[in-house]
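So in numbering that gives the first Met the number 0, spot 187 of the sequence shown is number 186, and the numbers just go up one at a time.
Where a beta carbon is used, it is the ideal one built from N, C-alpha and C, also for glycine.
Just so you know, these numbers come straight off a predicted model, no measurement behind them.
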Amino acid sequence: MKKKTIAIALAAFSAAIGLTACSGTNTADKSTEAKDVYTVGVIQYATHPSLDNCYEGFVQGLAEEGFVEGKNLKIDFQNAQGDIANSDLMAKTMVTNKVDLMGAVATPAAMSQYSAAKNTNIPMVFTAVSDPVAAGLVKSLEQPGTNATGTSDVLPLVKQVEMIRAFLPDAKKIGVIYTTSETNSISHLKTLEAVAAEAGFEVISVGVANSSEVASAAASVVAQGADCINNFTDNNVVDNLASVLKAANDGGIPVFGSEIEQVKLGCLAAEGIDYVALGEQTGRMAGRVLKGEKVSEIAVEEVKESTPVYNKKVCEALGLELPETYQNAEDVSAS
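The structure is reproduced here in structure tokens:
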């Protein structure tokens with residue numbers, strides 16, 4: 000009888016151990032097991048130059064950490080074409096396929112991946128997310144505490160407003176078009192309003208729900224007497240930059256961009272972030288995670304530097320002169 004009782008107890012103990020091994024919460028922090036080929040699923044939310052540059056840099060950064068596509072790395076790259084439903088479906092598919100790591104380019108893509116993977120052991124690394132705390136991706140920049148980390152492209156709005164004042168010393172109103180559902184844009188708008196007020200500007204803002212409303216929003220900003228338009232890294236607005244530029248040109252006012260590619264396309268000037276470098280920074284972080292570092296303990300990294308750029312052709316067309324303090328700014332009109 001004792002033998003039977005002991006056998007039953009041992010069986011129960013073994014079953015309990017098995018259940019414990021199979022159970023648990025998010026295990027994204029466990030060390031990545033060494034593999035011959037790692038699979039990384041990347042979602043880029045939309046197609047425009049700054050996000051393209053982020054992805055280019057991301058691949059470079061992974062290579063710097065020893066993960067080279069075609070050798071020991073397979074990248075499942077997806078572009079959501081600015082559609083959140085596409086992004087959500089892509090993220091869920093990547094989770095189903097059990098990729099080793101997910102990479103997100105822009106906030107909506109990051110939110111899709113985070114939602115799909117938060118209860119799995121799949122880590123994610125994001126780039127071009129201006130306010131990851133407000134987006135709910137991390138608990139803090141210093142200690143993410145989730146299965147996500149990455150880089151933030153928070154804009155240097157103090158320098159941007161200084162640039163606007165230098166080019167337009169008598170200006171009073173800055174126009175902004177922003178997407179009401181984009182966390183980045185709402186955060187940037189709040190900061191801009193505070194910074195602009197200190198510099199003697201009023202901010203005229205018009206929110207849009209989708210890309211089809213950008214053109215009319217730009218026209219509204221001009222009609223309300225804006226002396227210029229200032230862009231954020233808002234995906235809907237940047238995707239429809241031509242509509243913003245047309246409205247501004249019709250009103251005889253300049254558009255200030257948020258990065259170099261927008262200035263190349265017709266904005267007057269910007270305190271530009273290097274998005275290739277940002278992506279590269281993110282790729283190196285992704286490589287560290289694949290090597291086994293705990294994603295929840297890797298601090299979110301922010302861009303600290305910006306470079307002033309301007310478009311000489313646009314400057315001349317508007318009858319403006321390059322301010323003395325920006326004589327060393329790069330002219331990207333011929334790029």
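Over the uninterrupted beta strand (DSSP E) stretch that includes N229, give me the two end residues.
Start at 1 with the first residue of the sequence shown, and residue 229 comes out as number 230. Start and end: C227 to N229.
From the DSSP output, in three-state form, read off A214 for me.
Within the sequence shown, numbered from 1, the residue matching residue 214 stands at position 215. In this structure, A214 counts as helix in the three-state DSSP scheme.
Would you decide whether E323 is buried or exposed? Buried here means 16 or more other CB atoms lie within 10 Å of its CB.
As a position in the sequence shown, residue 323 is number 324, starting the count at 1. So E323 counts as exposed.
Do S305 and G144 have their beta-carbon atoms positioned less than 7 Å apart in this structure?
Indexing the sequence shown from 1 puts residue 144 at position 145. Indexing the sequence shown from 1 puts residue 305 at position 306. No, these two residues do not count as a Cβ contact at 7 Å.
Three-state secondary structure (DSSP) of G278
In the sequence shown, counting from the first residue as 1, residue 278 sits at position 279. Helix at G278.
Backbone CA spacing between A133 and S139 [nearest angstrom]:
Along the sequence shown, one-based indexing puts residue 133 at 134. Along the sequence shown, one-based indexing puts residue 139 at 140. Rounded to whole angstroms, A133 to S139 spans 10 Å at the Cα level.
Count the C-beta pairs between the segment 208–222 and the segment 233–245 that are closer than 8 Å, then say yes if the count reaches three, no if not.
yes
With respect to the beta strand (DSSP E) encompassing F125, which residues constitute its N-terminal and C-terminal limits?
For this step, residue 125 is matched to residue 126 along the sequence shown. Looking at the DSSP string, the run of the beta strand (DSSP E) that includes F125 is M123 to T126.
7 Å Cβ cutoff met for V243 and A217:
As a first step, residue 243 is located in the sequence shown; it is residue number 244 there, counting from the start. As a first step, residue 217 is located in the sequence shown; it is residue number 218 there, counting from the start. A contact, by the Cβ cut-off of 7 Å.
Below 8 Å, how does it come out for the segment 112–121 and the segment 55–62: are there three or more Cβ pairs, yes or no?
no
Helix, strand or coil: how does DSSP classify S180 here?
If you number the sequence shown from 1, residue 180 lands on position 181. It is coil, neither helix nor strand.
Assign E141 to one of two classes, buried (16 or more other C-beta atoms within 10 Å of its C-beta) or exposed (fewer than that).
In the sequence shown, counting from the first residue as 1, residue 141 sits at position 142. The residue in question, E141, is exposed, as its Cβ has fewer than 16 Cβ neighbours within 10 Å.
I need the DSSP call for C21, collapsed to helix, strand or coil.
In the sequence shown, the residue the question calls residue 21 occupies position 22. With a pLDDT of only 37 at C21, under the threshold of 50, the placement of this residue in the model should not be trusted; the figure read from the coordinates follows. If DSSP states are grouped into helix, strand and coil, C21 belongs with the helices.
Which residue from T46, N183, I74 and V137 puts its Cα closest to that of V58?
Taking the sequence shown and counting its residues from 1, one reaches residue 58 at position 59. Out of T46, N183, I74 and V137, I74 has the C-alpha closest to the C-alpha of V58.
I'd like the ranges of any alpha helix (DSSP H) spanning at least 4 consecutive residues and lying wholly in the segment 149–178.
As far as the segment 149–178 is concerned, its whole alpha helix (DSSP H) runs of at least 4 residues are 156–166.
C-alpha distance - D226 paired with G251, whole-angstrom precision:
For the purposes of this step, residue 226 is taken as the residue at position 227 of the sequence shown. For the purposes of this step, residue 251 is taken as the residue at position 252 of the sequence shown. Spanning the two alpha carbons is a distance of roughly 9 Å.
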